[in-house]
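Undergrad:
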Amino acid sequence: MKIVKVSVTFLTMLALLVSIPAVMGTGYTDVKPGSCPNPINLKSNGVVSIAVAGYNGFNGTDLSTINLDTLMVQFNANGVKNVSIERYSFEDVINDSAAPGFPCCNPITEGDGVDDLVVKVKMANLKEHIIPATTQMRVIWQVDGSDQWSGSSWDQIQVFEPPEVPKPKCSGK
Ligand SMILES: [Ca+2]
Ligand SMILES: [Ca+2]
């Protein structure tokens, strides 16, 4: 009887695990490609670039398997948050020869002759959720032709908000 109970518990846990939509971390990610650390200024505008290394025959992500209409940026802060992207392009900006450097930012890399996926996200959209406690960012997508979610590895970021510079109080005429 005890064995049956254990088996039922095990099968229930297995069913629960299978039912959770998994976002697997796969390809190497470089927030602000080519630089480390990766500062994110909460008072800046413009866009932040995030590169996902293409498949070089050994490592990286097979970018042809991505449904590009589903691309989003994901970051962790009080739970995982998803943010819509501004645009994407294919450029050779990083390589996948170095292991991701979690918990430090990924090492500075250079192109390797293989195109990478470069995603741009607006700071205005990031700022809706991002807070100084946010420490990691990556790109997620649905696999082409299916509703299965996948994603690149996490990269480390440093979110900060520069203090206001007080205006000088000048006396005089
Ligand atoms: Ca970087
Ligand atoms: Ca590359």
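Residue 39 in the numbering used here sits at position 36 of the sequence shown, with consecutive numbering throughout. Even glycine gets a Cβ: it sits at the ideal position worked out from N, Cα and C.
Determine the direct distance from the alpha carbon of Thr138 to that of Asp72, and round the result to whole angstroms.
TA: Approximately 26 Å, taken between the alpha carbons.
Undergrad: Please state the DSSP three-state secondary structure of Ser155.
TA: The answer is coil: DSSP assigns Ser155 none of H, G, I, E or B.
Undergrad: Check whether the stretch 81-88 and the stretch 38-49 touch, using three or more Cβ-Cβ pairs below 8 Å as the test.
TA: These segments do not touch.
Undergrad: Using 8 Å as the cut-off, classify the Cβ of Asn44 as near or not near the heavy atoms of ligand 1, replying yes or no.
TA: Flag unset: Cβ of Asn44 not near ligand 1.
Undergrad: Using the Cβ count rule (16 or more neighbours within 10 Å means buried), how would you classify Arg90?
TA: So Arg90 counts as exposed.
Undergrad: Hey, is the stretch 127-134 in contact with the stretch 55-72, meaning 3+ C-beta pairs nearer than 8 Å?
TA: No, the stretch 127-134 is not in contact with the stretch 55-72.
Undergrad: Measure the alpha-carbon distance for Asn79 versus Val142 and round it to whole angstroms.
TA: The straight-line gap from Cα to Cα measures roughly 12 Å.
Undergrad: When you compare only the Cα positions, how much space is there between Asp119 and Tyr31?
TA: Cα to Cα, the separation comes out at about 10 Å.
Undergrad: State the CB to CB distance for the pair Asp158 and Ile97, rounded to an integer number of angstroms; the pair is presumed to be in contact (CB under 8 Å).
TA: Not a contact, Cβ separation roughly 11 Å.
Undergrad: By the 10 Å Cβ neighbour count, where 16 or more other Cβ atoms means buried, how is Pro24 classified, buried or exposed?
TA: The pLDDT assigned to Pro24 is 40, lower than 50, so where the model puts this residue is not dependable, and the model offers no usable value.
Undergrad: Should Asn48 be counted as a contact of ligand 1 given a C-beta to heavy atom distance under 8 Å?
TA: Incorrect: Asn48 has no Cβ contact closer than 8 Å to ligand 1.
Undergrad: Looking at the strands, I want to know which residues DSSP matches up with Phe78.
TA: Bridge partners of Phe78: Lys84 and Met140.
Undergrad: Would you say Val122 reaches chain C, if we count a Cβ-Cβ gap shorter than 9 Å as a contact?
TA: Among the chains of the structure shown, chain C does not appear; only one protein chain is present.
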